[in-house]
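Heads up, the thing below is written out as structure tokens.
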Amino acid sequence: MAVVPELRRYPFTPFTGDLPGELLDMIETDPVSRVLLPDGEPAWLVLDYANCCAVLADPRFARLPPGAVTPDRPRDLNMDGPAHAAVRRVGGRAFTGRRVESYRPRIQAVVDELVDAMVAGPRPADLVAALVAPLPVRVTCELLGVPAPDREQFEGWLAGLNSVLTYNSAEAAKGLWVYLSGQVAAKRAAPGDDLLSVWLEGQEEHGLTDQELVVLAMGLLRGGLEVNSTAAGVRALFLHPEQMAELVRDPGKAPAAIDEILRYTAVSSMFRVQVVTEDLVLGGVELRAGERVMAIPWVANRDPRIFPNPNEFDIDRTPTSPHLAFGYGPHFCLGTAVARLQVELSITTLLRRLPGLAPAVPIDELPWRHDRINGGIESFPVVWRDDQ
Numbered sequence: 004m005a006v007v008p009e010l011r012r013y014p015f016t017p018f019t020g021d022l023p024g025e026l027l028d029m030i031e032t033d034p035v036s037r038v039l040l041p042d043g044e045p046a047w048l049v050l051d052y053a054n055c056c057a058v059l060a061d062p063r064f065a066r067l068p069p070g071a072v073t074p075d076r077p078r079d080l081n082m083d084g085p086a087h088a089a090v091r092r093v094g095g096r097a098f099t100g101r102r103v104e105s106y107r108p109r110i111q112a113v114v115d116e117l118v119d120a121m122v123a124g125p126r127p128a129d130l131v132a133a134l135v136a137p138l139p140v141r142v143t144c145e146l147l148g149v150p151a152p153d154r155e156q157f158e159g160w161l162a163g164l165n166s167v168l169t170y171n172s173a174e175a176a177k178g179l180w181v182y183l184s185g186q187v188a189a190k191r192a193a194p195g196d197d198l199l200s201v202w203l204e205g206q207e208e209h210g211l212t213d214q215e216l217v218v219l220a221m222g223l224l225r226g227g228l229e230v231n232s233t234a235a236g237v238r239a240l241f242l243h244p245e246q247m248a249e250l251v252r253d254p255g256k257a258p259a260a261i262d263e264i265l266r267y268t269a270v271s272s273m274f275r276v277q278v279v280t281e282d283l284v285l286g287g288v289e290l291r292a293g294e295r296v297m298a299i300p301w302v303a304n305r306d307p308r309i310f311p312n313p314n315e316f317d318i319d320r321t322p323t324s325p326h327l328a329f330g331y332g333p334h335f336c337l338g339t340a341v342a343r344l345q346v347e348l349s350i351t352t353l354l355r356r357l358p359g360l361a362p363a364v365p366i367d368e369l370p371w372r373h374d375r376i377n378g379g380i381e382s383f384p385v386v387w388r389d390d391q
């Protein structure tokens, strides 16, 4: 009788900012392997770049299990196939290159306001509480065109929507749903320069209902509430002071530096679990229909076959292949350009306005939050000089 080997539990070690060496070695030695996830159920762990791209792009790997999509369910970004494509075409209207660049001064103004408050407040300042957490919420309000009198309530709902501590996500979601439904009607009557108005322009062409527009807005809110790459990027710069000094000396290197931050850093050792829809072979391994798969993009970003010297942090890197920090394939993050812009403006503003920016505690003592995808540094005390 064959002995079935016991599956290892994954993650192998608690995540504290750096991907473990064992996991990085597996990119070449064991890129597709079977593990037990925290829920106690098995899944295929996919680590190398090529197979990670395959899982994220191949329609035989579904985001939802069979039976999850019913005829009366509104179409959303979580679905696959034509339903997802229709919603994405409408959603993408708000994130063209020209439109995102037009958001730059508005996002910069929000960053400046938050950094002003940091400078005026006590030290050490918590980078997460002062900038990383509130920035996406403020930007979301700005881009959705939430009227000023409504923003405090709206920001409260957003905070509850992604909370892992207060357990009021359902109540927050209900409040947002009712509010956004009203905003869709208001923007139809009086369009503005905001995401909902842009989406309404494409609603009829793609046959989306008002309910599906609200679902689209809710999906983007959930996906974009936390841009943890800002804190992870500052951490990487602190750990590589020569690279940080070079970026301070030459701010023109910011675009390449942000790409390297996104490639090099990770905020979790977990990612979305997908379902195999038919028997197939991946990386020489047979997978059966119904089995679960979890591809880890930030591990794939360290594949030496794609990124030479992948474990070196180099802001002058000139990669020939894109990193996977925002995913790949049909579900590539819709708000990538806005998220990237927030990281860029946050880090460049911090380096420009806070001379001598440094951690107030040892880097290895920073506390981490372990959400499946939106993990990150829980608090990040920093100090700086006053010679602005």
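Numbering of the sequence shown is given in this note's numbering, commencing with residue 4 and proceeding in unit increments. Even glycine gets a Cβ: it sits at the ideal position worked out from N, Cα and C.
Rounded to whole angstroms, the gap between the alpha carbons of Leu-360 and Ala-259 is 21 Å.
Rounded to the nearest whole angstrom, the C-alpha separation of Leu-265 and Trp-202 is 28 Å.
Between Tyr-13 and Val-38, the beta carbon gap of about 4 Å places them in contact (Cβ cut-off 8 Å). Our two residues, Ala-328 and Pro-358, have alpha carbons roughly 29 Å apart in a direct line. Classified as buried, Asn-231 has 16 or more neighbouring CB atoms from the shown chains inside 10 Å of its CB.
One Cα belongs to Val-72, the other to Ala-86, and the distance between them is close to 10 Å. Counting only runs of at least 4 residues, the stretch 261 to 336 fully encloses the following alpha helix (DSSP H) elements, listed from N- to C-terminal order: 300 to 303. Residue state for Ser-172 is assigned as helix, using DSSP reduced to three classes. If one requires a minimum length of 4 residues, the alpha helix (DSSP H) runs lying completely within the stretch 164 to 245 are 172 to 192, 198 to 209, 213 to 227 and 232 to 242, in chain order. Counting only the Cα atoms, Arg-291 lies some 15 Å from Val-276. Within the same chain, Cβ atoms closer than 7 Å to the Cβ of Arg-91 are found at Leu-80 and Leu-337, the five residues on either side in sequence being excluded. Excluding sequence positions up to five before and after Val-279, its CB lies within less than 7 Å of the CB of Arg-63, Phe-64, Leu-290, Arg-291, Ala-292, Gly-293, Glu-294 and Val-296, all in the same chain and listed in chain order.
DSSP places Val-149 in no beta strand (DSSP E); its state is neither H nor E. For Arg-355, the secondary structure class from DSSP, reduced to helix, strand or coil, is helix. Annotated three-state conformation of Trp-371 is strand, per DSSP.
In this chain, the alpha helix (DSSP H) harbouring Ala-86 covers 84 to 95. Under the DSSP assignment, Leu-26 falls in the alpha helix (DSSP H) whose first and last residues are 24 to 32.
Under the three-state reduction of DSSP output, Asp-75 falls in the coil class, being neither helix nor strand.
Ser-349 carries a helical assignment under DSSP once its states are collapsed to helix, strand and coil.
When Asp-306, Thr-321 and Met-273 are compared, the shortest CA-CA separation from Ala-298 is found for Met-273. Under the 8 Å Cβ criterion, the stretch 304 to 316 does not count as touching the stretch 183 to 202, having fewer than three qualifying pairs.
Per DSSP, the unbroken beta strand (DSSP E) holding Pro-45 starts and ends at 45 to 49. Taking C-alpha positions only, Ala-239 is separated from Asp-367 by approximately 12 Å.
The beta-carbon separation of Ile-110 and Val-140, rounded to 12 Å, does not stay under the 8 Å limit for a contact. In this structure, DSSP gives Gly-379 an extended state, which the three-state scheme calls strand.
Residue range 100 to 123 is occupied by the alpha helix (DSSP H) that includes Arg-107. Residue environment analysis places Thr-351 among the buried positions, since at least 16 neighbouring C-beta atoms fall within 10 angstroms of its C-beta. Between Asn-312 and His-326, the C-beta spacing is not below 9 Å. Cβ-Cβ separation between Glu-381 and Val-131: approximately 7 Å, consistent with a contact (criterion under 8 Å). C-alpha of Leu-147 to C-alpha of Pro-23: approximately 39 Å in a straight line.
Put simply, of Pro-322, Val-35 and Ala-340 the residue whose alpha carbon is nearest the alpha carbon of Glu-263 is Pro-322. Taking a cut-off of 8 Å on C-beta distances, the stretch 100 to 117 does not touch the stretch 210 to 230, as fewer than three cross pairs fall below it.
Secondary structure of Val-38 (DSSP, three-state): strand.
In this structure, Gly-330 and Pro-34 do not form a Cβ contact; the two beta carbons are roughly 18 Å apart against a cut-off of 8 Å. Put simply, of Asp-21, Glu-9, Phe-15 and Pro-8 the residue whose alpha carbon is nearest the alpha carbon of Trp-371 is Asp-21. The shortest CA-to-CA distance from Pro-137 to any of Gln-345, Tyr-106, Pro-365 and Pro-384 is the one to Gln-345.
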